[in-house]
Amino acid sequence: MRKTISLFLLLLPLIVSAQQTASLSGYITDTQTGETLIAANVALQGTRAGTTTNTSGYFNLQHIEAGTYTLLVTYIGYRQYKKEITLEENENRRLVIELIPKEYQLEEVVVQSDREQEEQRSIGTAQIETEFIRTVPSVFQADIFRSLQLLPGIKAASDFSSGLYIRGGSPDQTLILLDHTTVYNPSHFFGFFSTFNPDAVKDVRLYKGGYPAKYGGRLGSVLTIFNRDGNRNEFEGSVTLGMLASRASVEGPINKGSWIFSIRRSTLEPLLEILRKSQDNIPDHFSFLDVNGKINYDINADNKLSMALYAGNDNLRFPFAEDAGVRLHYGNQTFSGTWTHIFSEKIFSNFTVTGSRYFNFPSFNISGTPFKRSNNIYDFSAKGDVEYFRNDRHEFSAGFWAGLLTLKLHDKFDGDQTFSSRTHTPYGSFYLQDKWHITDRLTVTPGLRINGFSEGRYLRVGPRFSLEYRPSAGIRLQGAYGRYHQFLTVDSNEAFTGFDVWLTADEGVSPSAGNQYIVGIKTSPWKDYAVDTELYFRTMEDLFDPDPFLQDQAGLPYEKTFRFGKGYAFGTEILLERQAGRLTGFAGYTFGVTRRKFPGFNEPVEGGTARYYPPKYDRIHDLNVVLSYDLSSRWSVSAAFNYATGQAYTKPLGRTAAFNFPTSATSKQQLTVGKVNASRLPDYNRLDLSFSRDGTFWGFGEALWQFQLVNVYSRRNTWFYNYDLDENPAEREAVQLLPILPTISYTLNF
Amino acid sequence: MNRILLFVIGVTVLAGCEFYEQDEYREYYVVEAYLVAYDPLPDIILSKTVPIEEEYVYSDASVNDASVEVRLLNADSTINERYTYGSGGEGLYYPTESAAVQEKQLYQLYVTLPGGDSIEAKTYVPGDFETVNRQELPDQYRYRGDKQIEITTTRSEYHTGRQAYYVFTVNAEKPDSTNLTPFYADLVGEQERSLQNYSVHSSGIINEGNYSPTPEGNITLKVPWLSIAFYGHNEVVTNAIDDNMYDFLRSQETQTGGFSLSPGEIQNIRYNINGGIGIFGSMARDKNRFEVLRPPR
Chain A
0 MRKTISLFLL
10 LLPLIVSAQQ
20 TASLSGYITD
30 TQTGETLIAA
40 NVALQGTRAG
50 TTTNTSGYFN
60 LQHIEAGTYT
70 LLVTYIGYRQ
80 YKKEITLEEN
90 ENRRLVIELI
100 PKEYQLEEVV
110 VQSDREQEEQ
120 RSIGTAQIET
130 EFIRTVPSVF
140 QADIFRSLQL
150 LPGIKAASDF
160 SSGLYIRGGS
170 PDQTLILLDH
180 TTVYNPSHFF
190 GFFSTFNPDA
200 VKDVRLYKGG
210 YPAKYGGRLG
220 SVLTIFNRDG
230 NRNEFEGSVT
240 LGMLASRASV
250 EGPINKGSWI
260 FSIRRSTLEP
270 LLEILRKSQD
280 NIPDHFSFLD
290 VNGKINYDIN
300 ADNKLSMALY
310 AGNDNLRFPF
320 AEDAGVRLHY
330 GNQTFSGTWT
340 HIFSEKIFSN
350 FTVTGSRYFN
360 FPSFNISGTP
370 FKRSNNIYDF
380 SAKGDVEYFR
390 NDRHEFSAGF
400 WAGLLTLKLH
410 DKFDGDQTFS
420 SRTHTPYGSF
430 YLQDKWHITD
440 RLTVTPGLRI
450 NGFSEGRYLR
460 VGPRFSLEYR
470 PSAGIRLQGA
480 YGRYHQFLTV
490 DSNEAFTGFD
500 VWLTADEGVS
510 PSAGNQYIVG
520 IKTSPWKDYA
530 VDTELYFRTM
540 EDLFDPDPFL
550 QDQAGLPYEK
560 TFRFGKGYAF
570 GTEILLERQA
580 GRLTGFAGYT
590 FGVTRRKFPG
600 FNEPVEGGTA
610 RYYPPKYDRI
620 HDLNVVLSYD
630 LSSRWSVSAA
640 FNYATGQAYT
650 KPLGRTAAFN
660 FPTSATSKQQ
670 LTVGKVNASR
680 LPDYNRLDLS
690 FSRDGTFWGF
700 GEALWQFQLV
710 NVYSRRNTWF
720 YNYDLDENPA
730 EREAVQLLPI
740 LPTISYTLNF
Chain B
0 MNRILLFVIG
10 VTVLAGCEFY
20 EQDEYREYYV
30 VEAYLVAYDP
40 LPDIILSKTV
50 PIEEEYVYSD
60 ASVNDASVEV
70 RLLNADSTIN
80 ERYTYGSGGE
90 GLYYPTESAA
100 VQEKQLYQLY
110 VTLPGGDSIE
120 AKTYVPGDFE
130 TVNRQELPDQ
140 YRYRGDKQIE
150 ITTTRSEYHT
160 GRQAYYVFTV
170 NAEKPDSTNL
180 TPFYADLVGE
190 QERSLQNYSV
200 HSSGIINEGN
210 YSPTPEGNIT
220 LKVPWLSIAF
230 YGHNEVVTNA
240 IDDNMYDFLR
250 SQETQTGGFS
260 LSPGEIQNIR
270 YNINGGIGIF
280 GSMARDKNRF
290 EVLRPPR
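So the protein lines, in turn, are chains A and B.
Letter 390 of the first sequence, counting from 1, is numbered 389 in numbering that gives the first Met the number 0, and no numbers are missing.
Letter 120 of the second sequence, counting from 1, is numbered 119 in numbering that gives the first Met the number 0, and no numbers are missing.
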C-alpha cells in the first residue's frame with residue numbers, strides 16, 4: 000500500500016500541465032576565486048520563487064511570469080547580491096552570479112534573506128563552513144570530523160576518536176563521499192584525525208537522518224564532502240605550520256578552468272626523536288601523508304569536466320619489545336571524474352566515474368614468527384544524477400549508481416597462508432524523486448530507491464518521503480520517513496581503526512535494514528537567531544557484526560562468522576544558533592538513546608533471552624556550546640564547551656577463576672556481570688579555547704596565528720575502567736582521556 | 000509555539016530517566032573439571048563466586064558438602080555408567096574409583112548442592128589422535144634455525160562433524176629466567192611480567208581449517224618460534240578441545256582483553272552449565288618432547 004502511494008505521488012505531477020513562461024538558471028560563484036557555491040540561496044524578492052544551488056553550484060527557477068523582479072542571492076559569509084532583472088515571455092535567462100566574500104564587504108554584519116540557510120535547515124541536514132572548521136578549537140589541528148562532533152546528534156566515542164556516531168549509529172552506518180566517491184576509512188593516526196584536509200575542502204554537508212533517495216547504502220547517515228575547485232582568477236597558496244602536522248596548498252587558473260593541489264604531512268619526527276632519548280617503547284616511525292588534487296575545465300556553457308584525486312596513508316614502525324615489532328601501512332586512494340552537462344534549461348545532469356581503494360597491511364614479527372595481512376578494497380563505479388525542473392511546482396531528480404566492489408583479504412602466519420578470501424560483487428541502484436511544492440506553504444518530497452547487491456542476490460526497495468509546512472514566515476514544520484539498507488559492515492574498534500576490515504552481505508547474511516522517522520520544527524524567533532528541534536526514531540534490523548568471540552574464522556561457513564541482531568535509537572536535538580554579529584555560535588543539546596540486541600550476548604548468566612543494551616558510545620544527554628567573538632579587527636576568540644552524560648560501561652559484579660586450566664600456568668580469571676553496559680562513567684565535560692590573530696607576513700601575504708588550549712581546566716575525563724584481577728580484591732583503574740593540551744599554528748596565505 | 004516547545008522539553012525529561020538499571024551482585028556456584036581422553040577421570044573443584052569488591056579467598060569460597068557424580072552417557076543420553084566422587088575438602092572432589100576417560104563419548108556432570116539445588120553439564124570428548132611422524136623428527140632444534148618443529152597428526156573427530164579446534168601448549172621443563180628466549184626475557188625483565196605466565200605457554204584457538212590435509216588425511220602443524228619461551232627441553236602438546244572449552248576460552252579471553260569489544264564492555268563467559276557457572280570441558284591431546292638449543296652467539 001505504502002509503495003502504491005509513493006508511486007502515485009511520483010507520477011501525479013506528470014499529468015499536470017505546465018504553462019510556458021520565463022525561466023532563470025545559472026551558477027553562483029565566488030567573485031574572488033570563481034569557486035561555485037553549494038546551497039546558495041536564490042530568490043525573486045516579493046515572490047515565492049526561490050531555490051538553492053545544487054552540489055554543482057547550479058540553480059534553476061521555472062515558471063516565472065514575465066516582468067521585472069529584484070533577484071536576491073545570499074550565501075553564508077558572502078555579501079548579499081541584489082539586482083533588478085526583466086524577463087520576457089518564454090525567455091530562458093542563464094546567469095553566472097558572482098558573490099563577494101564577507102571580508103571584502105564594507106558592512107560588518109552580513110545581510111541575510113528570508114531564505115537564508117534554506118538547505119542547511121532541511122530536515123536531518125547539517126552543514127558546516129570550512130571557516131568554522133579552521134577556527135573552532137580542536138585537538139592539535141583543524142579537523143572536519145571533530146568539528147562535526149560538536150553538532151547535535153553527533154557524538155564522539157572518545158577524545159582519541161574522530162569517528163562519527165550519528166543518531167545512535169556506529170561509524171560504518173554513515174556513507175562518506177568525497178567528490179562523489181566512497182571513502183572507506185577516513186582516518187589518520189588510527190582514528191585520531193579524519194583524512195580530509197580542511198584547506199582543500201569547499202563544502203561539508205551531513206544528512207544525519209532521513210536522507211533523500213539520491214543516496215543509499217547506509218542505514219544511518221550520509222556525509223558529502225566536496226573539495227575546492229581552485230582559484231579561476233589568480234594563482235594563490237597557503238602554508239600552515241602546526242605542532243602535529245603541516246600543510247600547504249596551491250591553486251590557480253587554467254584556460255577555461257582551474258586547478259588545486261594540497262598536501263598535508265605529519266611532523267612528529269622531532270618529537271619522537273626527543274621522546275626516544277628518555278622513554279622506551281617509542282615508535283621508530285609514525286607518520287601520515289595526504290594529497291588532494293583537482294582540475295576543472297569548462298568545455299562550454301553547457302559542459303564542464305572535473306577530475307579529483309585523493310591519496311592518503313599512515314605508516315607505523317614500532318619495535319614494542321626485544322625481538323618484536325609491528326608495522327602498519329594503511330590508507331585510501333580515490334579518484335573521480337565528473338561531467339556536468341546541461342541538457343536544456345530544464346534538465347541539469349552530473350555523470351561521474353569513481354574509483355576508491357582502501358588498504359591496510361599490518362605485519363607483526365615476534366620471535367621470528369611473522370604475521371602479515373593484506374587487506375584491500377577496490378570500488379569502481381559510475382553514477383549519474385539528472386535534475387528535471389519541470390515547472391515551479393516540481394523538481395524531479397533521478398539517477399543511478401552502478402559499481403563493482405572487490406574485497407581481498409589474505410593472512411599469512413609463520414610463512415603459511417592461513418586465510419584468503421576474495422569477494423567480487425557488482426552492485427547497483429536507481430532512484431527517483433520529486434520535490435513537489437504543492438502550495439506556497441507545503442512541500443512534499445516523495446522518492447524511491449532500489450538497491451541491488453549481487454553477493455547473495457539481494458534486491459531492496461527503499462521508499463523515502465519528506466514534508467515541509469510553513470504556517471508562518473518564521474516557522475517550518477518538517478517530517479521525514481525513509482527505509483534504508485546496508486550491504487556492508489566493518490570489523491573495527493573505536494580505539495583503533497588501522498586494522499578495519501569491511502565485510503559484505505552474502506548468502507545467509509542478509510543486508511541490514513532500518514526505518515527512520517523524523518519530525519522537526521525550525522524557527523527564526525528573533526533576527527539573526529534560529530532555533531531548530533528534531534525528534535527521531537530509528538529501527539535497525541538484521542544487523543550483522545563480526546562475532547566478537549570468534550578467534551579464528553578459518554574453515555567456518557561465512558554466516559557463522561557473524562552475530563546477527565537488531566537495534567533502535569531515538570532522541571531529540573535542539574539547536575539554538577546566532578548567525579550574525581560579532582558574537583556568533585550555537586548551543587546544541589541532544590537527548591539520545593540507542594540500544595542493540597544480539598542473541599548470545601547480554602543474556603542472564605542463569606540462562607534466558609538476550610536483552611537490549613546500550614553500546615559504549617551511548618550518551619543520554621549531550622550539550623555543546625560553541626561561541627566565536629571578534630575581539631577586534633585582528634583578534635578573535637572561539638570557545639567550545641561540551642557536557643555529556645558518562646558513557647555506558649559494564650560493572651563487574653562477581654569474580655571467580657578456573658584454577659587448573661590445562662593450557663595455562665596461571666588461573667583463568669572470570670567475571671560475572673549483570674546487564675551489559677548498565678553503568679555510567681562519570682559525566683564528561685571539557686572546555687577548549689582558541690585565539691586567532693590576523694596579520695601580514697612582511698607584506699608577502701596574509702598570516703594567521705592560532706593559539707589553542709584543549710581541555711582548559713584539564714579535567715581528566717574517564718575513557719573506560721580497567722579491572723586489575725591480579726590484585727585481590729580487584730582494583731579498578733580509570734583510563735583517562737586527554738589532559739590540557741596547548742597547541743599553536745601559523746598560516747600564511749600568499 | 001510555546002506549547003510545542005514545552006511538549007518537547009517534557010518528553011525529553013521523561014525519556015531521560017534511565018530504565019536500564021544495573022543489577023545487584025548474585026552468587027553463583029562454580030564448577031571446574033577437564034576430561035582428557037584416556038587419562039583418569041579428573042578431580043572436580045566446586046566453589047562460589049565472590050563480590051568483585053571483596054577479597055577472594057578460595058577456602059572461603061569453596062563448597063564442600065555437595066554430592067558429585069560424573070556419568071558416562073549413551074548416545075540417547077541415558078546413563079551408561081555412574082562415577083561417584085568423594086569430598087577431599089577445600090572444594091575438591093575426587094573419583095572414588097579409577098576409570099579412564101573414553102574418547103568420542105558423552106559425559107555428564109551432576110552436582111547436588113547442600114541446599115538441594117543441582118548443577119548439570121555435558122561434554123563430548125573429542126576423538127583421540129596421534130603424531131605419525133615422530134620417528135622422523137629430530138630431538139633437538141636450534142632456536143630460529145632453518146628447521147621448525149613440524150608435527151603431523153591424525154585428525155581428531157567430533158560428534159557433530161565439525162572441524163577440530165586446537166590449542167597448542169608448550170610446557171617448559173626448566174622455566175628459569177636464564178633460559179628465556181629474547182622476547183620473553185624482555186617481557187619478564189623490562190616489562191615486569193611474571194615468569195610463571197610463560198612456563199606453560201599456549202596459543203589461542205586455531206581452527207583445523209587453517210591446515211591443508213595430507214593425502215592420508217592427516218594434518219601438519221608447524222610450531223612457531225613465538226611459542227617457545229624457554230630454551231631447553233619443552234613438551235609440545237597439541238590439544239583438540241570440546242565445545243565447552245572452545246566457548247569458555249574464546250569468551251573468557253574476550254572478557255579479559257582483546258579488541259573485539261569496545262573498552263569497558265564486558266560480556267559474560269559462555270559456560271554451557273545449567274545451575275551454575277564454570278567449565279566442564281574435555282579434550283584429546285598428544286605430546287611430543289623436544290630440546291630447543293640456543294642460537295649460536
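We treat Cβ as the ideally placed atom computed from N, Cα and C, and that holds for glycine.
Keep in mind it's a predicted model, so treat the numbers as computed, not measured.
Under 9 angstroms by beta carbon: chain B residues contacting A/Q515:
Stepping through the first sequence from its first residue, residue 515 of chain A is reached at position 516. Within 9 angstroms Cβ-Cβ: nothing; A/Q515 doesn't reach chain B, min ~18 angstroms.
| query | Residues of chain A with CB under 8 angstroms from B/R143, in chain order? | reply | Walking along the second sequence from the start, residue 143 of chain B turns up at place 144. Taking a Cβ-Cβ threshold of 8 angstroms, the residues of chain A close to B/R143 are S366, G367, in chain order.
Between the C-alpha atoms of A/N314 and A/G584, what's the straight-line distance to the nearest angstrom?
-> Numbered from its first residue, the first sequence carries residue 314 of chain A at position 315. Numbered from its first residue, the first sequence carries residue 584 of chain A at position 585. Whole-angstrom Cα-Cα distance: 37 angstroms.
Applying the criterion that 16 or more other CB atoms from any shown protein chain within 10 Å of the CB defines a buried residue, is A/H284 buried or exposed? Stepping through the first sequence from its first residue, residue 284 of chain A is reached at position 285. Only exposed fits A/H284, as fewer than 16 other CB atoms lie within 10 angstroms of its CB.
Give the DSSP bridge partners of A/M306, in chain order. Residue mapping note: residue 306 of chain A aligns to position 307 of the first sequence, counting from 1. Per DSSP, A/I294, A/G336.
- request: Give the straight-line distance between the Cα atoms of A/T51 and A/V443, rounded to the nearest whole angstrom.
  value: Walking along the first sequence from the start, residue 51 of chain A turns up at place 52. Walking along the first sequence from the start, residue 443 of chain A turns up at place 444. Using only the alpha carbons, I get a separation of about 16 angstroms.
- Task: Pair every Cβ in the segment 138 to 157 of chain A with every Cβ in the segment 303 to 322 of chain A, then say whether three or more of these pairs are closer than 8 angstroms.
- Result: No contact exists between the segment 138 to 157 of chain A and the segment 303 to 322 of chain A.
**Between the CA atoms of B/E53 and B/Q147 - distance to the nearest angstrom** = Here residue 147 of chain B is taken as the residue at index 148 of the second sequence, counted from 1. Here residue 53 of chain B is taken as the residue at index 54 of the second sequence, counted from 1. Cα atoms of B/Q147 and B/E53: separation of roughly 47 angstroms, rounded to the nearest angstrom.
Roughly how many angstroms separate the alpha carbons of A/Y77 and A/P614, rounded to a whole number?
Here the question's residue 77 of chain A lines up with position 78 in the first sequence. Here the question's residue 614 of chain A lines up with position 615 in the first sequence. Cα to Cα, the separation comes out at about 42 angstroms.
Taking a Cβ distance cut-off of 8 angstroms, strictly less, list which residues of the segment 12 to 41 of chain B are near chain A, in chain order.
The residues in question are A14, G15, E17, Y19, E20, Q21, D22, E23, Y24, R25, E26, Y27, V29, E31, Y33, V35.
*asked:* Can you list, in chain order, the residues of its chain with a C-beta nearer than 7 angstroms to that of A/K213? Leave out the 5 residues immediately preceding and following it.
replied: Residue mapping note: residue 213 of chain A aligns to position 214 of the first sequence, counting from 1. Excluding residues within five positions, the ones whose Cβ falls inside 7 angstroms are D384, S396, G398, Y430, Q432.
Please name the residue in B/V67, B/P137, B/Y106, B/L292 whose C-alpha comes closest to that of B/E333. Given a span of 0 to 296 for chain B in the structure shown, any question on residue 333 of chain B remains unanswerable.
**Asked** Distance, Cα to Cα, B/A99 vs B/V124?
**Response** As a position in the second sequence, residue 99 of chain B is number 100, starting the count at 1. As a position in the second sequence, residue 124 of chain B is number 125, starting the count at 1. The alpha-carbon atoms of B/A99 and B/V124 are separated by roughly 12 angstroms.
| Proximal residues to A/G241 (C-beta, below 6 angstroms), its chain only, five neighbours per side dropped | Mapped onto the first sequence, residue 241 of chain A falls at position 242. If we look at A/G241 and ignore the five residues flanking it on each side, its Cβ neighbours are Q140, S744.
Query raised in the report: Thinking just about the alpha-carbon of each residue, which of A/E540, A/E506, A/L274, A/A39 is nearest to the one in A/T483?
Result: Numbered from 1 along the first sequence, position 484 holds the residue referred to as residue 483 of chain A. It is Tyr, not Thr, that sits at residue 483 of chain A in the sequence shown. Looking at the Cα atoms, A/E540 is the closest of the given residues.
A/S691 - containing beta strand (DSSP E), residue span: Position 692 of the first sequence, counting from 1, holds the residue named residue 691 of chain A. For A/S691, the enclosing beta strand (DSSP E) starts and ends at 683 to 695.
- Query: Can you give the Cα-Cα distance for B/T48 and A/L724, rounded to whole angstroms?
  - Reply: On the second sequence, position 49 is the one that residue 48 of chain B refers to. On the first sequence, position 725 is the one that residue 724 of chain A refers to. If you take the alpha carbons of B/T48 and A/L724, they lie about 14 angstroms apart.
Note to self: Give me, in chain order, the residues of the same chain whose beta-carbon lies closer than 7 angstroms to that of B/R293; leave out the 5 immediate sequence neighbours on both sides.
What the structure shows: Looking up residue 293 of chain B in the second sequence gives position 294. For B/R293, the CB contacts under 7 angstroms within the same chain, skipping 5 residues up- and downstream, are Y142, Y230 in chain order.
- prompt: Under three-state DSSP, which class holds A/D629?
  reply: Counting from 1 along the first sequence, the entry for residue 629 of chain A is found at position 630. Note: A/D629 maps to strand in three-state DSSP.
*asked:* So, at 8 angstroms on beta carbons, what are the nonlocal neighbours of A/Y712 in its own chain, with the 5 sequence-adjacent residues on each side left out?
replied: Within the first sequence, the letter at position 713 stands for residue 712 of chain A. The residues are L686, I739.
Taking C-beta pairs closer than 8 angstroms, name the residues in chain A that B/G203 reaches, listed in chain order. Within the second sequence, numbered from 1, the residue matching residue 203 of chain B stands at position 204. Per Cβ cutoff of 8 angstroms: Q550, D551.
So, with DSSP's three-state summary, where would you put A/I99? Counting from 1 along the first sequence, the entry for residue 99 of chain A is found at position 100. Coil at A/I99, not helix or strand.
*Secondary structure of A/R145, DSSP reduced to three states*: Working through the first sequence from its first residue, we reach residue 145 of chain A at position 146. Reduced to three states, the DSSP call for A/R145 is helix.
* Taking B/A184 as the query, report the chain A residues whose CB atoms sit under 8 angstroms from its CB, ordered along the chain. => Stepping through the second sequence from its first residue, residue 184 of chain B is reached at position 185. What B/A184 touches in chain A: E321.
TODO: Taking 8 angstroms as the cut-off, decide whether the C-beta atoms of B/N243 and B/G280 are in contact.
DONE: The count along the second sequence starts at 1 and reaches residue 243 of chain B at position 244. The count along the second sequence starts at 1 and reaches residue 280 of chain B at position 281. A contact, by the Cβ cut-off of 8 angstroms.
Grouping DSSP H, G and I as helix and E and B as strand, with all else coil, what is A/K559? What you label residue 559 of chain A is simply residue 560 of the first sequence in a count that begins at 1. If DSSP states are grouped into helix, strand and coil, A/K559 belongs with the helices.
Practice task
For chain A, find out if any of its Cβ atoms is closer than 8 angstroms to the Cβ of B/N238; answer yes or no.
Solution key: Here residue 238 of chain B is taken as the residue at index 239 of the second sequence, counted from 1. True, the Cβ-Cβ gap to chain A drops below 8 angstroms.
Which residue from B/S250, B/Y140, B/G160 puts its Cα closest to that of B/E234? The sequence position of residue 234 of chain B within the second sequence is 235, counting from 1. The closest CA to that of B/E234, considering only B/S250, B/Y140, B/G160, is found on B/Y140.
Check: By Cβ distance below 7 angstroms, which residues in the same chain neighbour B/P113 in space, the five residues on each side in sequence not counted?
Finding: Indexing the second sequence from 1 puts residue 113 of chain B at position 114. For B/P113, where only same-chain residues beyond five positions count, the Cβ hits under 7 angstroms are D64, A65.
Taking A/Q735 as the reference, give the member of A/Q646, A/S666, A/N659, A/F658 with the closest Cα. Taking the first residue of the first sequence as position 1, residue 735 of chain A is located at position 736. When C-alpha distances from A/Q735 are compared across A/Q646, A/S666, A/N659, A/F658, the shortest belongs to A/Q646.
Handout entry: Selection from A/P361, A/R594, A/P369, A/D415 that minimises the alpha carbon distance to A/F498
Key = As a position in the first sequence, residue 498 of chain A is number 499, starting the count at 1. Among A/P361, A/R594, A/P369, A/D415, the Cα nearest to that of A/F498 is on A/P361.
**Prompt:** According to the Cβ coordinates, are B/V30 and B/L108 closer than 8 angstroms?
**Reply:** Taking the first residue of the second sequence as position 1, residue 30 of chain B is located at position 31. Taking the first residue of the second sequence as position 1, residue 108 of chain B is located at position 109. Contact flag set, yes.
Give the DSSP bridge partners of B/L220, in chain order. Mapped onto the second sequence, residue 220 of chain B falls at position 221. Its beta-bridge partners are B/I150.
Straight-line gap, A/R372 to B/L40 (C-alpha atoms, nearest Å): Within the first sequence, residue 372 of chain A is the residue found at index 373, counting from 1. Within the second sequence, residue 40 of chain B is the residue found at index 41, counting from 1. Our two residues, A/R372 and B/L40, have alpha carbons roughly 43 angstroms apart in a direct line.
Out of A/S169, A/E250, A/R47, point me to the one whose CA is closest to A/R217's CA. Looking up residue 217 of chain A in the first sequence gives position 218. When each option's Cα is compared against that of A/R217, the closest is A/S169.
Notebook entry, point to check: Taking Cβ positions, are A/G519 and A/D527 nearer each other than 8 angstroms?
Noted result: Along the first sequence, read from residue 1 onward, the residue named residue 519 of chain A stands at position 520. Along the first sequence, read from residue 1 onward, the residue named residue 527 of chain A stands at position 528. No, they are not a contact pair.
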